[in-house]
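Structure first, then comments.
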DNA sequence: CTGAAAGCGCTTACAG
DNA sequence: CTGAAAGCGCTTACAG
């Protein structure tokens, strides 16, 4: 019925090439813009007839509601910030896509932020504020002040595999110390008496936890141990192992801060014609895929990534719904992998 | 000077707990809201005095401009969608954070989307439309129709390591066929005459390209070859290699679709007491870290990830600035890694 | 250099 | 069930 009027009507859409808005759909469907809006809101009361007209018009125009505009008014962006460090260990990058799969089920998307050694966390937080994210999942170091900034903003924050014992903040992690203790016990039962621990970087709380587990358990058994400081990399594993081989005596077992270093350790021992586990035993930590390959069959502790990811997502979603929920720390036990390296 | 007036002024901010807006800052600084806005726009003409007042007020209130509101009016979200598949090969997850580092320099952020076998790409594209992204980087299969949908929307699209020869769309990739040919030539020069190709999944265009390179070059040398169909996984590498070992005769060389399969191949050969490269040679493709570890020292082609990432970002940014730019395909040569497995 | 005003594309009481 | 209207927090001509 409506005539193709000229541009004197301020509701006339710029038909050419512009993306369709709810007004465009409303005009085509012959309903009000509010009606269109309701059709895209689940649970809104719209008659079947209206809904059908709108659906048709929307399809024709390729209309999709503008999430940006919606976010402005609902104050829910359905975006969660994921903060990771630039130099990720072998299993961390995977975490991002796994998180995404879980969050996607709730129509929530991930906006990615990386912090490097030179990039200031303050700058990253400012950017996060700008995007009005509904929550933050962090697998990067936050200072207490930075944690407080999130709290003050009312943005829920959950840490993934970060140790924040001294702060009342939600975390999901793996019980690193406990896992290492299981490994030590196993080694002791197999007769190991002298240990070399190849530790991870000093500035990693996770690495310190693993070291603490090793130290405490070896002391508990009143056995001897020496610690060499590595940094999680293959190269540091090679270097430290070679250092031990070149030394006066070989230990019974190498306890490595992660699987990558353990693999480096095995490679280096074999390169020196030492048999693993006959001459020396080696254990790692993480349960990375490579460790299970035939060449290594690493004895290690596998982190329950699935459970951890799931817990992270559900803890964050709960707190997005109810910001007053108290902080919670969830620690999962790792799974002992009975490989052939110990 | 200003009295603490009541709530009769509609500009009064909800002081308690609400996030500060430009109006709040304007009131505190004693300037107009437009002035505040200008202070956060680089290059806008604001007096030093105003700028200073605004800065102070903004700091006090912890104000950060709302990127959502800004995006609504500027029609630039400064968000780029990155679409990846759920089951990523070993080096793909890293891509995401590398892309992010490059894009962050331009104040652009990544909104992550994963597509799985069951999740419809149509749904993902709808979600992408909703977030008004400025561009799309895809490392997942798009149909021609889906590519056209992006074009129709006016959203620039760049593919990362995807072969789309039959479509006028921008892509960045590695010359897989050429890389394999280099490997074959090298093997031939070392005396290899009979080849077994462990191929990747049929539905991967990259895998088909690598297979094509192998086939063509082996035929060029008029040598014999047999192809066994794998799927990029370690397990398929083990299975196929074992199949060959159990067969009547051993080839001179295994040409594997990727490094992971090549590593599986080496492990399996060694498990059967065959020496690499003395008894059989093995080559891979990708240049993953693990391949360079001592146990393998894989002869392979390394993809120039840095260059590829950089090219992807710059091609996309150019097209965000000027959507009329023609599609472009950039193919980088891989780097021959002279390992010890061939 | 500055402020008043319009408008980006939605959601949501409100009245019918 | 439906429509008119206000408003989310910005940017940007426009006039001064």
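Residue numbers (the numbering used here), protein chains in the order written: chain A, 1 to 342; chain B, 1001 to 1342.
Don't be surprised by glycine CBs; every beta carbon is placed ideally from N, CA and C.
Bear in mind that the values here come from a model prediction, so they are computed numbers and not experimental data.
Does any CB atom of chain A fall closer than 8 Å to the CB of residue i?
i                       : result
residue 1067 of chain B : yes
residue 1271 of chain B : yes
residue 1186 of chain B : no
residue 1294 of chain B : yes
residue 1071 of chain B : yes
residue 1104 of chain B : yes
residue 1110 of chain B : yes
Using a Cβ-Cβ cut-off of 6 Å (strictly less than) and excluding sequence neighbours within five positions of residue i, which residues of its own chain qualify?
i                       : result
residue 1256 of chain B : 1198, 1262, 1265 and 1284
residue 86 of chain A   : 114 and 116
residue 1095 of chain B : none
residue 1071 of chain B : 1077
For the beta strand (DSSP E) that residue i lies in, which residues bound it at each end?
i                       : result
residue 1164 of chain B : Careful: residue 1164 of chain B lies outside any beta strand (DSSP E) and carries neither H nor E.
residue 288 of chain A  : Unbroken run through residue 288 of chain A: none, as it is neither H nor E.
residue 109 of chain A  : 109-115
residue 81 of chain A   : 79-85
residue 298 of chain A  : Element bounds for residue 298 of chain A: n/a, residue is neither H nor E.
residue 229 of chain A  : 224-229
residue 250 of chain A  : Here residue 250 of chain A belongs to no beta strand (DSSP E), and DSSP marks it neither H nor E.
residue 1199 of chain B : 1194-1199
residue 138 of chain A  : 135-139
So, for residue i: in the same chain, excluding its five sequence neighbours on each side, which residues have a beta-carbon less than 8 Å away from its beta-carbon?
i                      : result
residue 236 of chain A : 198, 230, 261 and 264
residue 193 of chain A : 223, 224 and 252
residue 143 of chain A : 121
residue 282 of chain A : 253, 254, 256, 262, 265, 266, 269, 276, 298, 299, 341 and 342
In angstroms with no decimal places, state the Cα-to-Cα distance between residue i and residue j.
i                       : j                       : result
residue 991 of chain B  : residue 312 of chain A  : This structure gives no information on residue 991 of chain B, because the portion of chain B shown stretches from 1001 to 1342.
residue 1080 of chain B : residue 77 of chain A   : 16 Å
residue 227 of chain A  : residue 196 of chain A  : 6 Å
residue 307 of chain A  : residue 54 of chain A   : 42 Å
residue 316 of chain A  : residue 1045 of chain B : 42 Å
residue 1322 of chain B : residue 18 of chain A   : 16 Å
residue 1135 of chain B : residue 1167 of chain B : 18 Å
residue 1304 of chain B : residue 1295 of chain B : 23 Å
residue 1025 of chain B : residue 28 of chain A   : 42 Å
residue 1201 of chain B : residue 1207 of chain B : 6 Å
residue 1271 of chain B : residue 273 of chain A  : 17 Å
residue 98 of chain A   : residue 1183 of chain B : 35 Å
residue 1039 of chain B : residue 1051 of chain B : 6 Å
residue 30 of chain A   : residue 1123 of chain B : 27 Å
residue 12 of chain A   : residue 1153 of chain B : Caution is warranted here: a pLDDT of 33 is assigned to residue 12 of chain A, below 50, making its placement in the model unreliable, and no coordinate value can be reported.
residue 1203 of chain B : residue 1212 of chain B : 14 Å
Would you kindly report the start and end of the unbroken alpha helix (DSSP H) that includes residue i?
i                       : result
residue 215 of chain A  : 205-220
residue 1234 of chain B : 1234-1246
residue 179 of chain A  : 176-189
residue 144 of chain A  : 144-153
residue 1023 of chain B : 1022-1029
residue 1069 of chain B : 1067-1074
residue 1323 of chain B : Premise fails: residue 1323 of chain B is in no alpha helix (DSSP H) and is neither H nor E.
residue 1278 of chain B : Taken as a continuous stretch (DSSP letters only), residue 1278 of chain B belongs to no alpha helix (DSSP H), as it is neither H nor E.
residue 55 of chain A   : 48-61
residue 125 of chain A  : 121-130
residue 353 of chain A  : What is shown of chain A runs 1 to 342, which leaves residue 353 of chain A out entirely.
residue 1035 of chain B : 1033-1039
Verify the CB distance criterion: does residue i have a CB-CB separation below 8 Å to chain B?
i                      : result
residue 248 of chain A : no
residue 20 of chain A  : no
residue 206 of chain A : no
residue 310 of chain A : no
residue 97 of chain A  : yes
residue 267 of chain A : yes
residue 153 of chain A : yes
residue 238 of chain A : yes
residue 324 of chain A : no
residue 290 of chain A : yes
residue 263 of chain A : yes
residue 84 of chain A  : yes
residue 101 of chain A : yes
Please list, in chain order, all residues of the same chain as residue i whose beta carbon is under 7 Å from its beta carbon, the five residues on each side excluded.
i                       : result
residue 297 of chain A  : 339, 340 and 341
residue 1149 of chain B : 1125
* Asked: Can we say the region 59-67 of chain A touches the region 1123-1135 of chain B, given the rule of at least three CB pairs closer than 8 Å?
  -> yes
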